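Chemist: Residue numbers (the UniProt record's numbering): 1 to 137.
In this text, a Cβ means the ideal position worked out from N, Cα and C, and glycines have one as well.
Treat the numbers as computed from the prediction; the structure is a model and nothing was measured.
Can you keep this structure in mind? I'll have questions shortly.
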Ligand code: IDP
Ligand code: MG
């Protein structure tokens with residue numbers, strides 16, 4: 001069954017001029033861009049989006065990072081795209097994310113309280129629908 005996922009190119013990806021490369025990898029894999037928008041997030045959006053992380057030590061640095069510049073929000077479609085995009089993105093920590101992945105090839109640790117790792121991808125069908133509703137309401 002065709003799935004949808006929410007992908008964000010985070011502010012580090014936009015600021016470093018990597019949006020095109022990241023979207024190109026998604027398209028080259030064969031997925032479809034169904035919706036695409038450059039957005040200045042608000043604290044309200046981010047507190048909803050990252051609600052599962054509220055109270056963790058990296059939560060406030062994460063919100064500040066996500067407010068530091070525009071993000072590109074996309075709804076991406078395809079069979080098993082949720083799993084497929086997370087595989088394309090690589091592990092959370094860019095230092096150890098596998099080469100060949102977006103985070104592994106394009107990311108690194110910058111010695112900050114939050115891992116700047118270029119992209120977000122929903123982790124389940126329920127998260128995807130919830131997150132698409134937050135960013136594309
Ligand atoms: P994910 O983006 O790979 O799904 P999550 O655990 O959902 O990872 O965390 C959300 C975001 O919070 C990560 O992408 C990363 O930017 C940041 N983050 C997660 N865990 C840590 C941590 O232990 N230290 C610093 N930042 C973190
Ligand atoms: Mg996550």
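1) Along the chain, which unbroken stretches of the alpha helix (DSSP H) at least 4 residues long are found entirely within the UniProt domain "Nucleoside diphosphate kinase-like" (2-137)?
2) The ligand IDP and residue 81: does the residue's C-beta get closer than 7 Å to at least one heavy atom of that ligand?
3) Any heavy atom of the ligand IDP closer than 7 Å to the CB of residue 114?
4) Roughly how many angstroms separate the alpha carbons of residue 117 and residue 16, rounded to a whole number?
5) Nearest to residue 73 by alpha carbon, out of 103, 85, 40 and 83?
6) Within the same chain, show all residues whose beta-carbon is closer than 8 Å to that of residue 128, passing over the 5 residues directly before and after it, in chain order.
7) Can you tell me the Cα-Cα spacing of residue 32 and residue 67, whole angstroms?
Modeler: A quick look at the data gives this:
1) Counting whole runs of 4 or more residues, the UniProt domain "Nucleoside diphosphate kinase-like" (2-137) contains the alpha helix (DSSP H) stretches 11-15, 19-29, 43-49, 59-66, 81-89, 102-106 and 125-135.
2) no
3) Distances from the CB of residue 114 to the heavy atoms of the ligand IDP include at least one below 7 Å.
4) 12 Å
5) 40
6) 3, 4, 5, 6, 82 and 122
7) Using only the alpha carbons, I get a separation of about 27 Å.
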